[in-house]
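Counted from 1, the sequence shown has number 404 at position 404 by my numbering; the numbering is strictly sequential.
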Amino acid sequence: MKEGPVESLRAQLSRDGALRTVMAAILDRCDSRGALPKQMILRCGSREERDAAVRLLSAAAVRASNDREMCVRLDLARADERLRSEGSPGLSEVLYAAAGRPPRNLRAENASLAEQAASRASELAAQHAGAAAAFLMTEAEKLAGCRGEMFALARDDGLARVERELAVAARCMELAEKNEQPVRLANFARRATGSTKGLRAGDRRYVRVADALLRYVPGLVEKVDAEGLREPGDRRRLALECLGVFRNETPIDVLCYGRFILQKHGRRIDAPSAHHDLGEPCRLLLLHLRDAQVADMRAERVVSIENETTFNDYIEWLRASGRDEIVLLSEGQANWAVVRLLGLLASAAPSVPIVHWGDLDRFGVLILRSLRRRSGLAIDPLWMDVAIFQRFVNEGLPLTESESEEIRSLVTMSPAEVGVDLLRAIREAGRWVEQELVAEGVLGLRSGSGGYASGIPSVSNA
């Protein structure tokens, strides 16, 4: 060739796409280590690419690999030696020059980037305490090892972006851990990040912050585990709620029935009593309960009920029996409006018993335990004892093997907690009982033409 290898190769590249692909693969491998490897495996996407490798390096430097026609072994050391023997620059120099790209050493670049990023994370950790400091130290370790999403962010967007993101996440954690008053997520985000959109449910920062709080705030993961929640999104939501950060208080409400009046900022709110006189339940928002107290109430007991059908049946039974009770619908795992109202009622009348009635299954027991733990009240089970279970077990639903194992694990972990005897009976029988089935019996819904049986059912506290 009269023209040099660089010029000749550059001219071929301008019209040969397969050759450009092969060269890019070789240079990418050179960049990854900062030097030309002696050999490499090239997975060709077409016969044209395989033929281009032969034209570039010579047939002697290209061999089939593992009997796969489109996978070839490149002897780059041999091709390099041939070029040098002809008085030309080495293979990597020719390829870089022809491609018009500078040589790189990504391994060294990553090591330098990792060292700088880890140093900045460690400096931030020294400025924080608690969960934020623990999170930052863990991130520093990951960064030093060129691992994790923060390192990927540093590589893609630079050190300044990583430092900014770590600082914001740490501030969110620190404020959440120190938070003492209920706050909406949007307002919390504005405080922590400067924008109401800076911490949105489900986004990467939200996930990062919530997961770190779960991992590093003492006792938080135990509280969340005790609720029986399995979906990561539900666990993150509850973790923040336990620290007083709520997504939005407007949809958080409690459906209740009974005679009681609230007082808030000098004003009386008698909606529950007014609706009670009309024979209707009343819906109270968590916002209504903030800074409120129970000014007056009339109740023989307070009953929390898990399922809406039974809640409505129980209200009808109360009206037919003439009993004075206050009833709350927990709708499965009780929200903070339910917990807040229970606390207000207990403060107003400490001697009035509070009970919870739910399904005779693992989740029913977990809901009861959660209510007791979150409210700090001695809430007793209503019609959730072994005697009631034995009465209805033959009409119950079969227990799956996995659920039986979950019950065994729960009993082992908490052998002295409320409801453990019921859990043992459920596992032994291999069946569980819906609350609605129990309601038909204890409220007398099966008697006569569907009306309520006379008399008051006895209360059994397990």
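C-beta atoms are modelled at their ideal positions from N, C-alpha and C, and glycine is treated no differently.
- Task: Provide the residue span of the beta strand (DSSP E) that contains I41, from first to last.
- Result: 39-43
- Item | 3-residue-minimum beta strand (DSSP E) runs that sit fully inside the region 15-81, ordered along the chain | Entirely contained in the region 15-81, the beta strand (DSSP E) runs reaching 3 residues are, in chain order, 39-43, 62-65, 68-75.
- Query: Since M297 sits in a beta bridge, which residues does DSSP pair it with?
  - Reply: Paired residues: F260.
- Measure from the alpha carbon of D277 to the alpha carbon of each residue in G4, G322, E177, E48, then state which is nearest. G322
- Could you give the DSSP three-state label for I269: helix, strand or coil? strand
- Message: Between the alpha carbons of C71 and R171, how many angstroms are there, rounded?
- Response: Approximately 51 Å between the Cα atoms of the pair.
- Task: State the start and end residues of the unbroken alpha helix (DSSP H) segment that holds R171.
- Result: 159-178
- In angstroms, rounded to a whole number, what distance separates the CA positions of L366 and S347? 24 Å
- Do D31 and L113 come within 9 Å of each other at the CB atom, strictly closer than that value? no
- Message: I need the DSSP call for A292, collapsed to helix, strand or coil.
- Response: strand
- Task: Counting only runs of 3+ residues fully inside the region 299-323, write out the beta strand (DSSP E) ranges in chain order.
- Result: Whole beta strand (DSSP E) segments, 3+ residues: 301-305.
- Query: What is the C-beta distance between L76 and L36, in whole angstroms, given that I count them as a contact (C-beta under 8 Å)?
  - Reply: About 6 Å; that satisfies the 8 Å criterion.
- Item | Top-ranked residue by Cα proximity to H288, from F311, K264, A59 | K264
- Do the CB positions of V221 and A239 come within less than 9 Å of each other? yes
- Message: Taking a contact to mean a Cβ-Cβ separation below 9 Å, would you say E23 touches L56 in this structure?
- Response: It should be pointed out that residue 23 corresponds to Met in this sequence rather than to Glu. The answer is yes: Cβ separation under 9 Å.
- To the nearest angstrom, how far is it from the Cα of A111 to the Cα of G100? In this structure, the alpha-carbon of A111 lies about 25 Å from that of G100.
- Task: Using beta-carbon positions only, say whether L286 and P182 come within less than 9 Å of one another.
- Result: yes
- Any 3 or more C-beta pairs closer than 8 Å across the region 225-243 and the region 376-394: no
- Item | For W432, three-class secondary structure by DSSP | In the structure shown, W432 adopts extended strand secondary structure according to DSSP, grouped into three states.
- Let me know the secondary structure DSSP gives L329 once reduced to three states. Note: L329 maps to strand in three-state DSSP.
- Item | Coil, strand or helix - P381 by DSSP | strand
- Item | Exposure of T412, with buried meaning 16 or more beta-carbon neighbours within 10 Å | exposed
- Message: Using a 10 Å radius around the Cβ and a threshold of 16 neighbouring Cβ atoms, would you call E434 buried or exposed?
- Response: Flag for E434 reads buried.
- Query: To the nearest whole angstrom, what separates the beta carbons of V327 and L284, a pair I think is in contact under 8 Å?
  - Reply: Rounded, the Cβ-Cβ distance is 13 Å, inconsistent with contact.
- Message: Going by the DSSP bridge assignment, what does F246 pair with across the sheet?
- Response: R184
- Item | Cβ shell of W357 (< 6 Å), same chain only, five flanking positions each side left out | Hits under 6 Å: I305, L382, W383.
- Task: Could you tell me the distance, in whole angstroms, from the CA atom of Q333 to the CA atom of E227?
- Result: If you take the alpha carbons of Q333 and E227, they lie about 8 Å apart.
- Query: Across which residues does DSSP place D253 in a beta bridge pair?
  - Reply: L285
- Task: Please go through the same chain and pick out, in chain order, the residues whose beta-carbon is closer than 7 Å to the beta-carbon of G279, but skip the five residues on each side of it.
- Result: R319
- Message: Given this structure, state the Cα-to-Cα distance separating G194 from F363, to the nearest angstrom.
- Response: 40 Å
- Task: With DSSP collapsed to three states, give me the class of L443.
- Result: Here L443 sits in coil by DSSP.
- Can you give the beta carbon distance from A60 to R33, rounded, assuming they're within the 8 Å contact cut? In fact, because the Cβ distance is near 24 Å, the residues do not count as touching under 8 Å.
- Relative to the C-alpha of N335, which residue among S370, A160, R82, R191 is closest? S370
- Going along the chain, which residues of its own chain have a beta-carbon closer than 6 Å to the beta-carbon of S404, five neighbours each way excluded? R427
- Where V386 and L443 are concerned, what is the direct C-alpha to C-alpha distance, given to the nearest angstrom? V386 and L443: Cα-Cα distance of roughly 18 Å.
- Message: Just to confirm my understanding: we take D313, look at its own chain, exclude 5 residues before and 5 after, and list those with CB closer than 7 Å. What are they?
- Response: Taken in chain order, the residues that qualify are A439, L443, L445.
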